Amino acid sequence: EAQVTQNPRYLITVTGKKLTVTCSQNMNHEYMSWYRQDPGLGLRQIYYSMNVEVTDKGDVPEGYKVSRKEKRNFPLILESPSPNQTSLYFCASSNRRGYQPQHFGDGTRLSIL
Amino acid sequence: GEDVEQSLFLSVREGDSSVINCTYTDSSSTYLYWYKQEPGAGLQLLTYIFSNMDMKQDQRLTVLLNKKDKHLSLRIADTQTGDSAIYFCAVLQTGANNLFFGTGTRLTVIP
């Protein structure tokens, strides 16, 4: 089954404690992306990757890091999480061509205390 | 970037038609999508339309695109309680792989 898998689905942690949210896709997609969803703001892109070892900033990259060492994985790293990063996070993937719609994971709800 | 706007809430009675509207700013936008998000779930692609089309119909869903006014709408015929969800409009710009999302419209279907 074609899918994008995120882990964990839920996490409550404290300010400053490094965390990683993993994302994996099994569709051999070149393009992967991270979004955060906040009430009244829709989805905003954090980082994206056009292919292995190619990453770039989205609209709200501050406080986040990513890496793309393998095609299937695109982890999101919060080196020193802060409460304003409490949000719902989505990973998505697609073929390189834009008309191929993005497939989304089920989301990771992060609470930073 | 691109500004994509939607109204936040819409309530309709079961069996009526729902129309969710979206406006965008970049006239070079090539592909326009509608996603549905049910509680606790990710985004599910409902339908999409290319910018050279005016209308697309898929069962109960009709998408209308007015390129001149940069206005996109999603009509759901015979709305059911299972259609209650948040609906996101998303726009892809020419040459980019990045989607710009609206704020989402929360559709509530009243039995």
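Residue numbers (my numbering), protein chains in the order written: chain H, 1 to 113; chain W, 114 to 224.
Positions of the beta carbon are idealized from the N, C-alpha and C atoms, including for glycine.
All of these numbers come straight from a predicted model, not from anything done at the bench.
Next item on the list: Answer with yes or no whether the minimum CB distance from residue 101 of chain H to chain W is below 8 Å.
Entry: Residue numbering aside, residue 101 of chain H sits at position 101 when the first sequence is read from its first letter. Yes, contact with chain W.
Item checked: Cβ-based contacts, 8 Å cut-off: residues of the segment 44 to 77 of chain H near chain W -> 44, 45, 48, 50, 58 and 59
Margin query: Using the Cβ count rule (16 or more neighbours within 10 Å means buried), how would you classify residue 142 of chain W?
Written below: Residue numbering aside, residue 142 of chain W sits at position 29 when the second sequence is read from its first letter. Buried is the call here.
Item checked: Contact under 8 Å by Cβ, residue 130 of chain W with residue 192 of chain W -> Counting from one through the second sequence, the residue named residue 130 of chain W turns up at place 17. Counting from one through the second sequence, the residue named residue 192 of chain W turns up at place 79. Cβ distance < 8 Å, so residue 130 of chain W and residue 192 of chain W count as in contact.
Margin query: To the nearest angstrom, how far is the alpha carbon of residue 39 of chain H from that of residue 160 of chain W?
Written below: On the first sequence, position 39 is the one that residue 39 of chain H refers to. On the second sequence, position 47 is the one that residue 160 of chain W refers to. Their backbone Cα atoms lie some 23 Å apart in a straight line.
Checklist line | Cβ neighbour criterion (16 or more within 10 Å) applied to residue 172 of chain W | finding: Your numbering for residue 172 of chain W matches position 59 in the second sequence. Burial call: exposed.
Check: Is the Cβ of residue 107 of chain H closer than 8 Å to any Cβ of chain W?
Finding: What you label residue 107 of chain H is simply residue 107 of the first sequence in a count that begins at 1. It does; some Cβ of chain W falls within 8 Å.
Next item on the list: For residue 41 of chain H, return the contacting residues in chain W, with the cut-off set at a CB-CB distance below 7 Å.
Entry: Your numbering for residue 41 of chain H matches position 41 in the first sequence. 216, listed in chain order.
Note to self: Short of 9 Å Cβ to Cβ, which residues in the segment 140 to 163 of chain W face chain H?
What the structure shows: 143, 144, 146, 148, 150, 153, 154, 155, 156, 157, 158, 161 and 163
Next item on the list: Name the residue from W:196, W:188, W:216 and W:118 whose alpha carbon lies nearest to the alpha carbon of residue 139 of chain W.
Entry: Here the question's residue 139 of chain W lines up with position 26 in the second sequence. Selected option, being the one with the closest Cα: W:118.
Item checked: Supposed contact pair residue 58 of chain H and residue 211 of chain W - C-beta distance, whole angstroms, cut 8 Å -> As a working note, residue 211 of chain W is residue 98 in the second sequence. As a working note, residue 58 of chain H is residue 58 in the first sequence. Contact holds; Cβ gap of about 7 Å.
Next item on the list: Compute the Euclidean distance between the alpha carbons of residue 174 of chain W and residue 120 of chain W, then round it to the nearest angstrom.
Entry: Position 61 of the second sequence holds residue 174 of chain W. Position 7 of the second sequence holds residue 120 of chain W. Computed Cα separation, rounded: 19 Å.
Notebook entry, point to check: What residues of chain B sit near residue 201 of chain W, judged by a beta carbon separation below 9 Å?
Noted result: This model lacks chain B altogether, as its protein chains are H and W.
Check: Who does residue 4 of chain H pair with in a DSSP beta bridge?
Finding: Taking the first residue of the first sequence as position 1, residue 4 of chain H is located at position 4. Answer by DSSP bridge pairing, in chain order: H:25.
Margin query: Quick check on the burial criterion: 16 or more other C-beta atoms within 10 angstroms. Buried or exposed for residue 137 of chain W?
Written below: By 1-based counting over the second sequence, the position of residue 137 of chain W is 24. The residue in question, residue 137 of chain W, is buried, as its Cβ has 16 or more Cβ neighbours within 10 Å.
Item checked: Endpoints, beta strand (DSSP E) assigned at residue 197 of chain W -> The residue labelled residue 197 of chain W in the question sits at position 84 within the second sequence. From DSSP, residue 197 of chain W is part of no beta strand (DSSP E); its letter is neither H nor E.
Note to self: Can you tell me whether residue 165 of chain W is helix, strand or coil according to DSSP?
What the structure shows: The count along the second sequence starts at 1 and reaches residue 165 of chain W at position 52. Residue 165 of chain W: coil per DSSP, three-state reduction.
Note to self: Would you say residue 121 of chain W lies against chain H (beta-carbon separation less than 8 Å)?
What the structure shows: Walking along the second sequence from the start, residue 121 of chain W turns up at place 8. Yes, its Cβ sits closer than 8 Å to a Cβ of chain H.
Item checked: Nearest neighbour of residue 198 of chain W, chosen from W:158, W:162 and W:116 [CA to CA] -> In the second sequence, the residue the question calls residue 198 of chain W occupies position 85. The residue with the shortest Cα to Cα distance from residue 198 of chain W is W:158.
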